[in-house]
Structures are given as structure tokens and as C-alpha cells.
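Undergrad: Pasting a structure below so you can have a look.
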Ligand SMILES: [Zn+2]
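In the numbering used here, the protein residues as written are 11 to 442.
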């Protein structure tokens, strides 16, 4: 996963959801058994399918650990061999202009780390995705996306580091607070430009034409106070067969987009649930909420770095040729410390996002009133997310509720709402 995408993912901006063929749906009413209905959906997944999805998702836990350790190893390599210090010296020889030195160092740094991380990237993003039949890209197509992502980093990351190291040097005591402001500002900037300048580099976005799908979505949007006249679709099938949709951007660039896998694989009831979920993120201001929470997490991260950086540099700074926080040669150490902080914070970041996702699920049930559609979607999503984790496992690793939790919520809602409110909708008659 690319650096830019990772940043966006951290904020939960790729809000995934899936769906599948609608089978006979039991009507709700007197004697509707929530547990039995949940179990009925869960049993639709064969033992083979479940083993496959569990293996894929649990392998992801280990990849998080290996990725973290790999990051520490790369940082140690750059610092311990003195390479980082030499790159800084080279940049200082070429120019006396500080921001330009930072940009030159960053370019070197990106090239070297991209090469060192390449084996892990190609395994995780290409071979492993094909191994589990989730990817649709050929290797050249994948390389093309990988290169575009690298190009984006080469353009955007120097801007971040020039600003960061600017405040590091100008505010010797309060750099960690100003650093948080810069970090959060950069994140907000990324979210703002992503729908307009970044996403179109990877996929084609166009207005959704089919009135049979577009109209019900626009009606739901208007019912919930969103004035839109367009819904967008994009060719996610270029990269994978995962069903998903997302809300991205903020202020003037916010848009709701659904992917073509969703259109091709799902019934209208399921599409309505997914889009109502995305509308929920929008109406509940989740992007702003996550920006605020992530800002606080970032302040904590900079606080940790402030505590740790000077201690490490006091001990090894001389042998690594790192002069202090304002020295760009310390970037690998800065990266390693942040990687450590976010590795430890994984459960808190995931839980923050997961709570919002559950809110959006509940919003969607009220707005779309298709609990069986929601359950079908949860079933499809479990192609790549373990269906039934333990509670601690869910707390640590899940940035969305598990399939089981989502189906149970949908069936509970169905038992309590549909019989009295609207007996007709309960059978999902408008699904096809
Ligand atoms: Zn979501």
C-alpha cells in the first residue's frame, strides 16, 4: 500500500463495504429470532471460504508486525551505516538553501527506501492479493500504479518535510506542538485534494447514469439533508474485485462514490445499504471528527518523539552523524519513532474508526431500511475480512465491525423495526 493511500486509510477514508446475490429472505414479525437469523447468514459461508478469509485477514496481522520491524531495520541501516549523514552532507554541498537541502535529502531517502521496501511491497500488494484471488491487475499494471504512487510521494513529501523541518529549526522548545499543526494541516490538505487530483490518477470517475440506481440514492441523500445532483462511479475492477464505496474529500471537494464491483455484484437493496452507510459518514461529519481525533493522536505522537528523540541522539547521535531534531539526517529516526508510536496505538486508531463505522451502519439501517441487504453486504465483505473474530482480536485489528457484528446488528434492527413500521419492505421485494 502506498504512502499516500496509507495516510488516507489511517483516517478511514476508504470506507469499504461489500455485497452478494440475494437469496430467499425470511420476513420479520412475531417470533423473529435474531440469533437464528444471524446464524442462518453465517452458515452461508462454507468452511473453505471461511478458512480462506480467516487466513487472508490473520496473515494481515503478521504483515503489520513484519512491516513495523522492517521499518525499524531500514532506519537502523540508514543511520548505522552513516548513509543518512552522508546524504545530508551531499545535499549541503550542493546548495546552501535549507529547504532545497531538505528536498534533495527527501528525494534520496524516497529512492533508497522504495528499493529496500520493494520486496515487501510487491509480495503484499501484488502476489498475496493474487494468491487470494482479490486482485485483477497484471504485473505491468500494478507497477504503473506503484510508480504513480511513488511520483506523488516525490512531489508531496518534500513539501511536508520542508514545513516540518522549518518549524523544528525555528522553535527549539515547542517544535513538537508546531509539528503536530503541520502534520494535521498536511493531512487535511491531502484529504482536500485527493478526490480532485490524486484519485483520478488511479481510476476513472464518472457520473452514475442508471436512473434505477441513481434516483433511490439521490432520494436518500435529500431525505438526509444532502443537496447533491450527482453520484459518481469508478472502475475499481481495474485493481481488484472487492466491493466498496467511499466518501472522500471535505469542504467543497467531498463526494460519494461507488465502485463498479458494487454495481455489478449487488442488488439494489444492497447498493442502497452501502450508499446509506456512506451518506451516514457524511451526515454525521465523520471526516471532521476523525480529523480532530487524529490531531490529538498526532500531538501524542509528537510528544512521544520529543521525549525519545533527544535520548536516542544523546546516546548514538555522534556515531550516526545526527545533530538534533532540526537535522534532516535524523529523518530515519523520526520515522522509526513514529512507526513505534503508531504500532502501539493500532488498537486505539482502529477502535476510533470502527466506532464511526458502526454508527454509519446503524444510520444506514434507518435510512435504507434494508436489513437483509445490509446482511448480504456484510457476507460479501467477509471475502476479505475475517467473519467472526474474538472480542480482543476485534478491538486490536478491526477498523470496521466484523461481518458477524454487522449481520447481528441488521437482524436486531429488523426484528425491532420492520414489522410495525413497514411490513412490505421487509421481504426485500424491490431488490431486483
Ligand atoms: Zn464506512
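For each residue, glycine too, the CB sits at the ideal point set by N, CA and C.
Once you ignore the five residues that flank residue 149 on each side, which residues in its own chain have a CB closer than 7 angstroms to its CB?
TA: Along the chain shown, one-based indexing puts residue 149 at 139. Around residue 149: 136.
Undergrad: Report back the beta-carbon spacing between residue 68 and residue 396 to the nearest angstrom; my notes put them in contact at under 8 angstroms.
TA: Position 58 of the chain shown, counting from 1, holds the residue named residue 68. Position 386 of the chain shown, counting from 1, holds the residue named residue 396. Correct: roughly 7 angstroms between the Cβ atoms.
Undergrad: Would the beta-carbon of residue 413 fall within 8 angstroms of that of residue 391?
TA: Taking the chain shown and counting its residues from 1, one reaches residue 413 at position 403. Taking the chain shown and counting its residues from 1, one reaches residue 391 at position 381. Yes, Cβ-Cβ distance for residue 413 and residue 391 is below 8 angstroms.
Undergrad: Only counting the same chain, and skipping five residues up and downstream in sequence, which positions put a Cβ closer than 7 angstroms to that of residue 71?
TA: Along the chain shown, one-based indexing puts residue 71 at 61. Only 407 meet the Cβ criterion.
Undergrad: Looking at the C-beta of residue 241, does it have a partner C-beta in chain C at a distance below 8 angstroms?
TA: This model lacks chain C altogether; it includes just one protein chain.
Undergrad: So, helix, strand or coil for residue 163, using DSSP?
TA: The residue labelled residue 163 in the question sits at position 153 within the chain shown. It is helical.
Undergrad: Using alpha carbons as the reference points, say which of 165, 320, 363, 352 lies closest to residue 9.
TA: The requested residue 9 is not part of the displayed model; the chain covers only 11 to 442.
Undergrad: Report all residues from its chain with a CB closer than 8 angstroms to the CB of residue 82; omit the five preceding and five following residues, and keep chain order.
TA: Residue numbering aside, residue 82 sits at position 72 when the chain shown is read from its first letter. So the list reads 346, 349, 350, once near-sequence residues are dropped.
Undergrad: What are the boundary residues of the alpha helix (DSSP H) that residue 319 is part of?
TA: In the chain shown, the residue the question calls residue 319 occupies position 309. Where residue 319 is concerned, the enclosing alpha helix (DSSP H) stretches over 296–330.
Undergrad: Sort out for me which residues DSSP pairs residue 182 with in a bridge.
TA: Walking along the chain shown from the start, residue 182 turns up at place 172. DSSP lists no partner for residue 182.
Undergrad: Compute the minimum distance between the beta carbon of residue 280 and the heavy atoms of ligand 1, and state whether it is under 7 angstroms.
TA: Translated into the one-based positions of the chain shown, residue 280 becomes position 270. Every heavy atom of ligand 1 is 7 angstroms or more from the Cβ of residue 280, so no.
Undergrad: Buried or exposed for residue 249, please, with buried defined as at least 16 other CB atoms from any protein chain shown within 10 angstroms of its CB.
TA: Counting from one through the chain shown, the residue named residue 249 turns up at place 239. Buried.
Undergrad: Which residue or residues does DSSP assign as beta-bridge partners of residue 216?
TA: Within the chain shown, residue 216 is the residue found at index 206, counting from 1. Paired residue(s): 243.
Undergrad: With a threshold of 16 other CB atoms inside 10 Å of the CB of residue 424, please say whether the residue is buried or exposed.
TA: Along the chain shown, one-based indexing puts residue 424 at 414. Under this definition residue 424 is a buried residue.
Undergrad: For residue 128, count neighbouring C-beta atoms within 10 Å of its own C-beta (all shown protein chains included) and say buried if the count is 16 or more, exposed if not.
TA: Within the chain shown, residue 128 is the residue found at index 118, counting from 1. So residue 128 counts as exposed.
Undergrad: So, with DSSP's three-state summary, where would you put residue 144?
TA: Taking the first residue of the chain shown as position 1, residue 144 is located at position 134. Reduced to three states, the DSSP call for residue 144 is coil.
Undergrad: Looking at C-beta atoms only, is the number of pairs between the segment 305–318 and the segment 179–195 that lie closer than 8 angstroms three or more?
TA: Judged by Cβ distances under 8 angstroms, the segment 305–318 makes contact with the segment 179–195, as three or more pairs qualify.
Undergrad: May I ask which residues mark the beginning and end of the beta strand (DSSP E) holding residue 257?
TA: In the chain shown, counting from the first residue as 1, residue 257 sits at position 247. Here the beta strand (DSSP E) through residue 257 covers 255–258.
Undergrad: Could you give the DSSP three-state label for residue 108: helix, strand or coil?
TA: Translated into the one-based positions of the chain shown, residue 108 becomes position 98. Looking at residue 108 - three-state DSSP - the assignment turns out to be helix.
Undergrad: Taking Cβ positions, are residue 284 and residue 235 nearer each other than 8 angstroms?
TA: On the chain shown, residue 284 is found 274 positions in, with the first residue counted as 1. On the chain shown, residue 235 is found 225 positions in, with the first residue counted as 1. Against a cut-off of 8 angstroms, the Cβ pair of residue 235 and residue 284 comes out as no contact.
Undergrad: Can you check DSSP and say which residues form a bridge with residue 269?
TA: Position 259 of the chain shown, counted from the first residue, corresponds to residue 269. Answer is 244, bridged to residue 269.
Undergrad: List in chain order: all unbroken alpha helix (DSSP H) runs of 4+ residues lying wholly within the segment 387–418.
TA: With a minimum length of 4 residues, the continuous alpha helix (DSSP H) runs that stay inside the segment 387–418 are 401–407.
Undergrad: Measuring only the C-alpha atoms, how far is residue 422 from residue 388?
TA: As a working note, residue 422 is residue 412 in the chain shown. As a working note, residue 388 is residue 378 in the chain shown. Their Cα atoms are separated by approximately 14 angstroms.
Undergrad: Would you say the beta carbon of residue 50 is closer than 7 angstroms to some non-hydrogen atom of ligand 1?
TA: Taking the chain shown and counting its residues from 1, one reaches residue 50 at position 40. Answer for residue 50: no, Cβ out of range of ligand 1.
Undergrad: Kindly list the residues whose CB is nearer than 7 angstroms to the CB of residue 343, restricted to its own chain and excluding five residues on each side of it in sequence; keep chain order.
TA: Stepping through the chain shown from its first residue, residue 343 is reached at position 333. Around residue 343: 85, 89, 319, 322, 332.
Undergrad: In angstroms, rounded to a whole number, what distance separates the CA positions of residue 60 and residue 134?
TA: Mapped onto the chain shown, residue 60 falls at position 50. Mapped onto the chain shown, residue 134 falls at position 124. Using only the alpha carbons, I get a separation of about 21 angstroms.
Undergrad: Report yes if the C-beta distance between residue 230 and residue 279 is below 8 angstroms; otherwise report no.
TA: Taking the first residue of the chain shown as 1, we reach residue 230 at position 220. Taking the first residue of the chain shown as 1, we reach residue 279 at position 269. No.
Undergrad: For residue 419, count neighbouring C-beta atoms within 10 Å of its own C-beta (all shown protein chains included) and say buried if the count is 16 or more, exposed if not.
TA: Locating residue 419 in the chain shown gives position 409, counting from the first residue. Buried.
Undergrad: Pick out the complete alpha helix (DSSP H) segments inside the segment 48–131, 4 residues or longer, and give them in chain order.
TA: Listed in chain order, the complete alpha helix (DSSP H) runs (minimum 4 residues) inside the segment 48–131 are 57–90, 93–104.
Undergrad: Restricting to Cα atoms, I'd like to know which of 290, 63, 415, 239 is closest to residue 141.
TA: By one-based count along the chain shown, residue 141 stands at place 131. Per the Cα distances, 63.
Undergrad: So what's residue 277 in DSSP terms, helix, strand or just coil?
TA: Position 267 of the chain shown, counted from the start, is the residue given in the question as residue 277. Residue 277: coil per DSSP, three-state reduction.
Undergrad: Buried or exposed: residue 145, going by 16 or more other Cβ atoms within 10 Å of its Cβ?
TA: For the purposes of this step, residue 145 is taken as the residue at position 135 of the chain shown. Looking at its Cβ environment, which holds 16 or more other Cβ atoms inside 10 Å, residue 145 is buried.
Undergrad: State the Cα-Cα distance for the pair residue 33 and residue 172, rounded to the nearest angstrom.
TA: Within the chain shown, the letter at position 23 stands for residue 33. Within the chain shown, the letter at position 162 stands for residue 172. Its pLDDT being 38, under 50, residue 33 is placed unreliably by the model, and the measurement read from it follows with that caveat. The alpha-carbon atoms of residue 33 and residue 172 are separated by roughly 56 angstroms.
Undergrad: Taking Cβ positions, are residue 246 and residue 254 nearer each other than 8 angstroms?
TA: Taking the first residue of the chain shown as position 1, residue 246 is located at position 236. Taking the first residue of the chain shown as position 1, residue 254 is located at position 244. Cβ atoms of residue 246 and residue 254: closer than 8 angstroms.
Undergrad: For residue 107, tell me which candidate among 393, 411, 426, 175 has the shortest Cα-Cα distance.
TA: The residue you call residue 107 lines up with position 97 of the chain shown. Per the Cα distances, 175.
Undergrad: Compute the Euclidean distance between the alpha carbons of residue 75 and residue 399, then round it to the nearest angstrom.
TA: Here residue 75 refers to the residue found at position 65 of the chain shown. Here residue 399 refers to the residue found at position 389 of the chain shown. Rounded to whole angstroms, residue 75 to residue 399 spans 19 angstroms at the Cα level.
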